[in-house]
Every structure is written in structure tokens, then in C-alpha cells.
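Here's the structure we're looking at; comments come further down.
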Amino acid sequence: MGAADGTVAAWGVANFRSEVVRPEVLTGVSDARRLCQSRSDETHRPEETGVMSGQERRGLFITLEGVEGCGKSTQARLLVEHLDARGIEVVLTREPGGTDLGERLREILLDIGQTGMRAETELFLYLASRAEHVAEVIVPALKRGAVVISDRFGDASVAYQGGGRGLGADLVRPLNETATSGVKPDVSFLLDLDAEEGLGRLDGRIQDGGSRASRDRIESEAIEFHRMVRQAYLDEAAREPERFVVLDARSRVEELARTIALRVDDLLAERAGTYPGDD
Ligand SMILES: Nc1ncnc2c1ncn2[C@@H]1O[C@H](COP(=O)(O)OP(=O)(O)OP(=O)(O)O)[C@@H](O)[C@H]1O
Ligand SMILES: [Mg+2]
Numbered sequence: 013m014g015a016a017d018g019t020v021a022a023w024g025v026a027n028f029r030s031e032v033v034r035p036e037v038l039t040g041v042s043d044a045r046r047l048c049q050s051r052s053d054e055t056h057r058p059e060e061t062g063v064m065s066g067q068e069r070r071g072l073f074i075t076l077e078g079v080e081g082c083g084k085s086t087q088a089r090l091l092v093e094h095l096d097a098r099g100i101e102v103v104l105t106r107e108p109g110g111t112d113l114g115e116r117l118r119e120i121l122l123d124i125g126q127t128g129m130r131a132e133t134e135l136f137l138y139l140a141s142r143a144e145h146v147a148e149v150i151v152p153a154l155k156r157g158a159v160v161i162s163d164r165f166g167d168a169s170v171a172y173q174g175g176g177r178g179l180g181a182d183l184v185r186p187l188n189e190t191a192t193s194g195v196k197p198d199v200s201f202l203l204d205l206d207a208e209e210g211l212g213r214l215d216g217r218i219q220d221g222g223s224r225a226s227r228d229r230i231e232s233e234a235i236e237f238h239r240m241v242r243q244a245y246l247d248e249a250a251r252e253p254e255r256f257v258v259l260d261a262r263s264r265v266e267e268l269a270r271t272i273a274l275r276v277d278d279l280l281a282e283r284a285g286t287y288p289g290d291d
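Going by the numbering used here, the letters in the sequence shown line up with residues 13 to 291, in that order.
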């Protein structure tokens, strides 16, 4: 379906239509130039990499993380609306996926019929999707000075393959480094939720005949898997407290959106304030 629709065709995934915004400019840029000129006074500073020097990285990179059904896509959408209303250039994207190749890998990864996949195979497929995503979508947007919002990113591999599959965070982290060329989010919002509750929300949506017809391959894993994912996320957040903002995902949607928007506005204001000639 939707082959004639650029949005759907670009992603190669029909049922994501209601959630997706194409990974490109959504609005005209007003003050994006002012937002990201200097990063010299930041406490959290992604390392310089082969794909993008610190100076070239003018945009803001935001990720949303958490267990199934915790509210990532809901909050991503609301944050896009918030930034859009401010006239800021924003790119909404997701993992696995975000590129044509990534979306094909996503189909394999989430295909319930793909039984018996080795944990290592799964990890490398996620990493392959991420490598494309960083090079094709995230880095170009950050160089332009856009705000990039990714619905899941590298922490998801630490949590799902490192924690859930038991490969270990120490194994996954350096592979993530390679896949991303060291590009890290400026801020990661972890929507922390009990695994049962998250899956319950998901099943509610499926029963309501919402955007989902059934659980995908990862969602179908045993509850213990999802509990380990949640714990691995929390461990990662404790390890990098300056990057993570941990939120109680049981809070009201609007309240979460307000907290996220305030933090993002603060980050943008910090940058605007460092731009020479700013008043
Ligand atoms: N704060 C909240 N409180 C209660 N329900 C919520 C909240 N946020 C989202 N929901 C509901 O929970 C369900 C899952 O939300 P959403 O799709 O945003 O989560 P997600 O993290 O993107 O899920 P997935 O992991 O499946 O992509 C939806 O039906 C949504 O309306
Ligand atoms: Mg989602």
C-alpha cells in the first residue's frame, strides 16, 4: 500500500504511516543557525569522529528509549510538534530503520516468522541498520544544524542485545562505537516503565484494532527478557547520568511532553546563548 505516497515509499513500511515523519526537513529554519554554533562550554560533548568533527556538529541529537509500549513514539511526535511550532528544523527518525536499507533490515528483525535467529546475528543486523542511519540521515542533519529525534538508538542495542539477549553491555558498547563512528546523542530520554505494563499497553492497542495487528518478533519475547531490557536501560542511565534523563513513563502524556520540551528548550537556549552577537 501507499507506493504512490512518498512518505510510505521512503520507509518501505506501510504500517508506520501514522507515526512516521520522513527523515528530512519539516519546517523552514528560523533560528537554527543560532542554536548550535558553539559547543565549547558543554559538559557532555561527543568526541570528534571521522564522520563529523565537533565543530561540524551544529545540530542537537535527541533519542527516546525504553521498553515496548513505554510511550517513545507518542513523545517523539509531541516533541516534533513543539519544535515545529518554534520554527526549528527537526528530523524525526527511528531504529531499526531510518533508511531504505535500514527499513529492510527492520522487516527481518521484527518478522515473527524469523525464528531461531542467533543473538549475535540480531546484534549485527541492528548495528548494520545503525551504521546506515548515522551516515545517511543523522550526520547530514546534524551538520546542517537540525534537531534530530531518533525513536531508539544505540542504547537499545545495549539494553536488548546486551541485557535481554545476555551478550553483555561491555560487548555491545564498543561495537556501537564502530557502527556510529562515535556519534552519540546529546540527550537521551529514558521512559522507564515496568515491562508488563508496557506490553499491556501494546496489547491494548492491538485489541483496539489500532495501528498494530499483533506483537512483533521482539515484543513476543518472554517477560523475563523485557525485564532484563528495562534493567539494562536503567544501568546504562546510571552509567551516563549527564546524558540520560530518566522519566517515569506512568506519568501523564502531557506532563512527560512538557518535561521533555523544557529540557530540550534548555539545551537549545544554552547554544543560542553562546552564539556571538546573540542578545
Ligand atoms: N504516559 C502514558 N500513559 C498511558 N498510556 C500511554 C502513555 N504514553 C503512551 N501511552 C499509550 O501507550 C501505547 C504505547 O505508546 P507508544 O506507541 O508511544 O509507545 P512506544 O514506546 O513507541 O511503543 P513501541 O515500543 O511499541 O514502539 C499507546 O497506546 C499510547 O497511547
Ligand atoms: Mg513506537
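Just so it is clear, CB atoms sit at the ideal spot from N, CA and C, and this is done for glycine as well. Quick caveat: nothing in here was measured; it's all calculated off a predicted structure.
- Looking at the backbone, the Cα of Pro108 and that of Ala207 are separated by about 20 Å.
- Not one heavy atom of ligand 2 lies closer than 8 Å to the C-beta of Ser232.
- These are the residues, in chain order, with a beta carbon less than 5 Å from any non-hydrogen atom of ligand 1: Glu80, Gly81, Cys82, Gly83, Lys84, Ser85, Thr86, Arg213, Arg217, Val265.
- Exposure of Ile235 is indicated by the presence of fewer than 16 other C-beta atoms within 10 angstroms of its C-beta.
- Beta-bridge analysis with DSSP links Val92 to no other residue.
- For Leu203, the secondary structure class from DSSP, reduced to helix, strand or coil, is strand.
- Ala273 and Arg106 have their C-alpha atoms some 19 Å from each other.
- Val79 carries a coil assignment under DSSP once its states are collapsed to helix, strand and coil.
- The beta-carbon distance between Ile74 and Pro197, rounded to whole angstroms, is 6 Å. This is short enough to meet the 8 Å contact definition.
- In this chain, Asp228 is not harboured by any alpha helix (DSSP H), its DSSP state being neither H nor E.
- Membership of Val151 in any beta strand (DSSP E) is not indicated; the residue belongs instead to the alpha helix (DSSP H) covering 151-156.
- Secondary structure of Thr86 (DSSP, three-state): helix.
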